[in-house]
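Here's the structure, in structure tokens; my notes come after.
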Amino acid sequence: MFSPNMYGEIFEKLCECNAAIVKNMQQKPVNNPMQEALVQLNSQDLGQWVEEAAQNPLKMMDTQIQWWHDQMNIWQTSLMQAVHPEIDDAISAEKGDKRFDDPAWKEQVLFNVLKQSYLLFSRNMLQMIDSSNGLEKATKERLNFFTRQMINALSPTNFLSTNPELIRLTFESKGENLVKGMSQLQEDMKLSADVLKVRLTKQDAFKVGVDLASTPGEVVFRNELIELLQYHPSTETVAKRPILIVPPFINKYYVMDMREQNSLVRWLVAQGHSVFMISWVNPDESLAEYEFGHYATRGVIPALEKIEDLTGEQHVNAIGYCVGGMLLSTTAAYMVSKRMKQRIKSMTLLTTMLEFSNPGEIGVFINEPTISAIETQNKIRGYMDGRLIESTFSLLRENSLFWNYYVKNYLKGESPLDFDLLYWNSDSTNIAAACHNDILRKLYLNNLLKEPKGLEIDGVGIDLSKIKVPVYFLSAKDDHIAGWESTFTGSKYLKGKVTFVLGESGHIAGVINPPAKNKYGYWAGGDINAQDAQTWVKSADHHTGSWWTHWQCWSEEQDTSEKVPARDIAKDTSLAAAPGSYVLQKLPIEASMDKVG
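Here the numbering used here is used: the first residue of the sequence shown is 3, the next is one more, and so on.
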């Protein structure tokens with residue numbers, strides 16, 4: 003029932019939430035070297051753009067005249083649509099843009115004009131940048147990226163007063179959507195670092211070790227950097243050569259062991275493999291001095307040695323995913339140059355960059371001022387906060403991974419759906435300060451990994467050309483983090499036989515693609531000696547179904563030994579049941595370390 007005090011009560015609740023949000027913001031540090039560097043760099047880029055535009059006033063005048071003409075056309079079309087709704091908009095949203103799906107955006111003239119005016123503004127701003135021929139490529143890319151961020155932040159769908167769906171919902175719910183939304187915003191700000199971390203799924207939607215990362219196994223080794231998991235066999239016999247998986251340390255390993263139906267680990271075990279997995283610690287400031295090389299010498303190499311202790315096998319087939327693939331390749335080259343026992347008999351590299359001249363959209367952050375600021379920030383903290391990494395990657399797909407959830411969670415007051423991959427994506431991991439600085443400066447900025455002995459570990463020069471084992475190199479066609487054309491270029495620095503495969507979809511879905519779903523296909527069989535990626539894909543054959551089965555055939559070719567009896571895990575070798583303790587550490591570490599055994 004409606005009550006005269008109802009809106010007063012809602013307003014009081016909103017004021018309480020707002021006061022709590024302001025208090026939380028005041029408690030967070032204001033000084034952020036990275037944000038200061040980006041603001042300064044953006045100001046310089048904008049100044050260059052304005053200066054370049056000023057040198058061509060006639061072009062600017064033509065643009066303004068066309069803009070005004072298009073705006074008048076929007077008004078005329080919108081008024082005509084009020085009588086003839088079958089008439090198409092003068093300016094339409096791009097395919098896949100769902101922000102304006104509500105019928106009111108077309109049925110109500112004022113909102114229709116607002117929508118089309120905004121889309122016209124968006125299109126013209128980006129076109130003006132693209133047509134600025136006097137700007138350097140890097141400057142234009144930064145302007146394009148940050149202008150896009152600004153444009154999408156200003157979308158009328160993101161504001162209560164300019165979104166007809168939100169206005170209607172607020173009246174129908176008598177403002178309860180805003181009360182619930184502000185409450186959720188308050189909770190999310192408490193869990194955020196310097197940038198708002200918008201919840202993508204319910205925080206209690208899944209439990210690691212029960213719903214996710216549930217493949218049976220044991221922790222068989224632990225040091226300050228890793229826990230090594232060994233999984234229980236599910237077949238009577240297994241391949242003679244074990245598998246070691248090196249996941250990225252910027253995320254938690256269980257992206258490769260999600261639910262039963264999409265767990266790569268569980269599938270590998272079912273194919274008759276002895277599977278070992280590295281689970282990286284979620285570091286705090288105590289590991290600040292751990293460099294990228296330490297992740298090889300204190301992470302991958304001890305895991306390889308322990309596998310031989312447990313199985314008696316000197317060789318493994320190693321799988322590295324994303325940054326884990328960079329680390330695996332670096333470790334393999336290090337072991338060759340160090341004249342160590344060559345334990346890696348074959349490598350599988352999943353969406354792995356080895357050459358960084360074209361890093362994709364993440365490249366807008368790869369410049370001297372920004373990286374210097376991040377290095378300063380990391381040294382102060384002792385680590386790169388994983389929540390900032392998550393927010394940065396979300397902004398690469400800002401409408402689908404940020405503003406979409408911002409509107410749903412805080413303005414509509416809805417609770418996000420339970421989605422395993424989004425839960426994993428939100429389960430952030432820190433990176434040791436020195437390691438993160440190495441990755442940004444030595445790999446992304448200076449591109450040293452491709453240079454013979456350009457990168458050093460403990461004084462040993464890394465040379466990828468010394469890696470001569472067979473390599474299965476999987477990339478993903480729609481990968482916005484490790485673009486497949488760049489990964490193809492990087493694969494040429496390896497001198498073993500490379501089998502290059504291109505999966506459909508993106509950085510995660512292109513890899514976690516179980517055969518039972520039969521969702522995404524792949525390209526294989528192209529000429530690995532092709533001059534560039536586009537030439538390769540033209541020579542490749544497209545296949546339906548998952549790349550997993552293609553990989554299984556490849557792996558069997560690498561190990562033709564007779565199967566051996568399944569390797570059971572002795573009780574006295576188990577330190578704890580999988581998934582172990584490191585993967586359970588939540589951010590911020592200070593609030594959760596005492597909960598982890």
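Glycine included, each C-beta is placed from N, C-alpha and C at the ideal position.
Per DSSP, the continuous alpha helix (DSSP H) segment holding Ile391 begins and ends at 388–396.
For Asn439, the closest C-alpha among the options Asn432, Val409, Asn380, Trp486 is that of Asn380. For Gln83 and Lys97, the gap between their C-alpha atoms comes out near 21 Å.
Among the bridge pairs identified by DSSP, Arg224 is matched with Glu229.
At a Cβ-Cβ threshold of 7 Å, Tyr256 and Val462 do not count as neighbours. Beyond the five residues adjoining it in sequence on each side, Ile89 comes within less than 7 Å, by CB distance, of Thr79, Met82, Gln83 in the same chain, given in chain order. If you draw a straight line from the Cα of Asp213 to the Cα of Ala532, it is about 44 Å long.
Here Ser348 is bridged, per DSSP, to Asn319.
DSSP, read as helix, strand or coil, puts Tyr256 in helix.
With a cutoff of 7 Å on beta-carbon distance, Val248 and Gly183 are scored as not near each other.
Inside the segment 466–517, DSSP marks whole beta strand (DSSP E) runs of 3 or more residues at positions 473–478, 500–505, from first to last along the chain. Of the residues assessed, Val503 falls on the buried side of the cut-off, its CB having 16 or more other CB atoms within 10 angstroms. Of all alpha-carbon atoms in Gly582, Ile591, Asn369, Lys61, the one lying nearest the alpha-carbon of Pro218 is that of Gly582. For the pair Met355 and Ala484, the CB atoms are nearer than the 7 Å cut-off. Its Cα nearest to that of Asp206, the residue Ser417 stands out among Ser417, Phe367, Phe173, Trp51. In the assembly as shown, Asp47 is a buried residue. Its beta-carbon has 16 or more other beta-carbons within 10 Å. Judged by pairs of C-beta atoms under 8 Å, the segment 238–254 does not touch the segment 400–417, as fewer than three such pairs exist. In the three-state reduction of the DSSP assignment, Phe278 falls in the strand class, which pools E and B. If you look at Leu457, you'll find it in the beta strand (DSSP E) that goes 457–459. In the DSSP assignment, Leu202 falls outside any beta strand (DSSP E) and carries neither an H nor an E.
One alpha carbon belongs to Tyr446, the other to Lys573, and they sit about 44 Å apart.
By the C-beta criterion, the segment 129–137 is judged to be in contact with the segment 44–61, since at least 3 inter-stretch pairs fall below 8 Å.
Contact fails between the segment 426–443 and the segment 265–273, because fewer than three Cβ pairs, one in each stretch, are under 8 Å apart. Within a 10 Å sphere around the beta-carbon of Asn253 sit 16 or more other beta-carbons, which makes this residue buried. Cβ atoms of Lys455 and Ile441 stay farther apart than 8 Å, at about 18 Å. A straight-line Cα-Cα distance of about 20 Å links Lys117 and Ile67. Apart from the 5 residues on each side of it in sequence, Val283 sits with its Cβ closer than 6 Å to the Cβ of Leu227, Tyr584 in its chain, given in chain order. Per DSSP, reduced to three states, the secondary structure at Val210 is strand.
Contact holds between the segment 157–166 and the segment 102–116, because three or more Cβ pairs, one in each stretch, are under 8 Å apart.
For Gly219, the secondary structure class from DSSP, reduced to helix, strand or coil, is strand. Going by DSSP, Trp525 is part of the beta strand (DSSP E) stretching over 524–526.
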